[in-house]
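S.K.: Our numbering puts the last residue of the sequence shown at 200; the count rises by one with no breaks. The beta-carbon is built from N, C-alpha and C at its ideal position, and this holds for glycine as well.
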Amino acid sequence: MGRAPAPHLLRIGRDPLAFNFFLIFLILRKTHMTIYSTTHFSRRLTLAVAGAALALGLAGCASMNEPAQAVTLLEPADGATVSSPFKVRFGIKGMAVAEAGDIVANSGHHHLLINQAPITKGESVPFSDQHLHFGKGQTETEVKLAPGIYKLTAQFANGAHQSYGAGMSRTITVTVK
Ligand SMILES: [Cu+2]
Numbered sequence: 024m025g026r027a028p029a030p031h032l033l034r035i036g037r038d039p040l041a042f043n044f045f046l047i048f049l050i051l052r053k054t055h056m057t058i059y060s061t062t063h064f065s066r067r068l069t070l071a072v073a074g075a076a077l078a079l080g081l082a083g084c085a086s087m088n089e090p091a092q093a094v095t096l097l098e099p100a101d102g103a104t105v106s107s108p109f110k111v112r113f114g115i116k117g118m119a120v121a122e123a124g125d126i127v128a129n130s131g132h133h134h135l136l137i138n139q140a141p142i143t144k145g146e147s148v149p150f151s152d153q154h155l156h157f158g159k160g161q162t163e164t165e166v167k168l169a170p171g172i173y174k175l176t177a178q179f180a181n182g183a184h185q186s187y188g189a190g191m192s193r194t195i196t197v198t199v200k
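(1) Check whether the Cβ of Val94 sits closer than 8 Å to any heavy atom of ligand 1, and report yes or no.
(2) Which stretch, first to last residue, makes up the beta strand (DSSP E) that contains Ile115?
(3) Could you tell me if the beta carbon of Phe157 falls within a distance shorter than 8 Å of some heavy atom in ligand 1?
(4) Within 10 Å of its beta-carbon, does Met56 have 16 or more other beta-carbons around it, so buried, or fewer, so exposed?
(5) Going by DSSP, what residues sit across from Gln178 in a beta bridge?
(6) Got a sec: does ligand 1 put a non-hydrogen atom nearer than 8 Å to the Cβ of Ala180?
(7) So which of Phe113, Val120 and Ile137 has the shortest CA-CA distance to Ser151?
(8) Going by beta-carbon coordinates alone, are Leu168 and Val199 separated by less than 9 Å?
(9) Under 8 Å by Cβ, that's how I've got Tyr173 and Gly131 pegged, so tell me the actual separation to the nearest angstrom.
(10) Indicate whether the contact test is met: 3 or more Cβ pairs, each with one atom in the region 107–125 and one in the region 138–145, closer than 8 Å.
(11) Count the other C-beta atoms from every protein chain shown that fall within 10 angstroms of the C-beta of Arg26, then say buried if there are 16 or more, exposed otherwise.
(12) Excluding the 5 residues preceding and the 5 following Ser107 in the sequence, name in chain order all residues of the same chain whose CB lies nearer than 7 Å to its CB.
(13) According to DSSP, Thr104 sits in a beta bridge with which residue or residues?
(14) Any heavy atom of ligand 1 inside 8 Å of the beta-carbon of Val148?
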């Protein structure tokens, strides 16, 4: 058997967050070596540099992990208890909302799936009581449901109702009282 690389090094290589913290760790070590001294001033400077490095690292993480295109459910909140009928509001980032019809890149309309999994990319969103289409370009609707716990999934799909996939979906759980 060959020698396997240390697991924590593997993880640092794959995970941008871990990699950023690893970089900060390196910066901190270097900073300490360069300006190491027992004076209060130097210690404060070290802390300031450490804080700046951490802030930069976190900012980097945020921009790296944020998808350019996403669908959200602005209302209700995940885990909310609502009384029927209740309002559902969709949010979209990086794509345009348009009426169903033509297939236009980075454009489409919202769907609300009730207790259904996201639709595989490229597959058509079915028309059913559990698959509601908002082909007029609506960004909000009223939903009537019997009391119970439901999984609500916002699914974005193109003008021909072909799903943009799980990456363009968002699922929440709500309790209807
Ligand atoms: Cu549709």
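M.R.: In terms of the structure at hand:
(1) In the sequence shown, counting from the first residue as 1, residue 94 sits at position 71. Result no, Cβ not under 8 Å from ligand 1.
(2) On the sequence shown, residue 115 is found 92 positions in, with the first residue counted as 1. Per DSSP, Ile115 belongs to the beta strand (DSSP E) from Phe109 to Lys116.
(3) Taking the sequence shown and counting its residues from 1, one reaches residue 157 at position 134. Yes, the Cβ of Phe157 comes within 8 Å of a heavy atom of ligand 1.
(4) Along the sequence shown, read from residue 1 onward, the residue named residue 56 stands at position 33. With a pLDDT of only 45 at Met56, under the threshold of 50, the placement of this residue in the model should not be trusted; the figure read from the coordinates follows. So Met56 ends up on the exposed side.
(5) Numbered from its first residue, the sequence shown carries residue 178 at position 155. Answer is His134 and Ser192, bridged to Gln178.
(6) Walking along the sequence shown from the start, residue 180 turns up at place 157. Ala180 Cβ: within cutoff of ligand 1.
(7) Within the sequence shown, the letter at position 128 stands for residue 151. Nearest option by C-alpha distance: Ile137.
(8) As a first step, residue 168 must be located in the sequence shown, where it is residue number 145. As a first step, residue 199 must be located in the sequence shown, where it is residue number 176. Taking 9 Å as the Cβ cut-off, Leu168 and Val199 qualify as a contacting pair.
(9) Indexing the sequence shown from 1 puts residue 173 at position 150. Indexing the sequence shown from 1 puts residue 131 at position 108. 24 Å between Cβ atoms; not a contact.
(10) no
(11) If you number the sequence shown from 1, residue 26 lands on position 3. Confidence is the limiting factor: at Arg26 the pLDDT is only 47, short of 50, which leaves the residue's position unreliable and the question unanswerable from this model.
(12) Here residue 107 refers to the residue found at position 84 when the sequence shown is read from its first residue. Around Ser107: Lys167, Leu168 and Val199.
(13) Stepping through the sequence shown from its first residue, residue 104 is reached at position 81. Bridge partners of Thr104: Thr198.
(14) Translated into the one-based positions of the sequence shown, residue 148 becomes position 125. Checking every heavy atom of ligand 1 against the Cβ of Val148, one is found closer than 8 Å.
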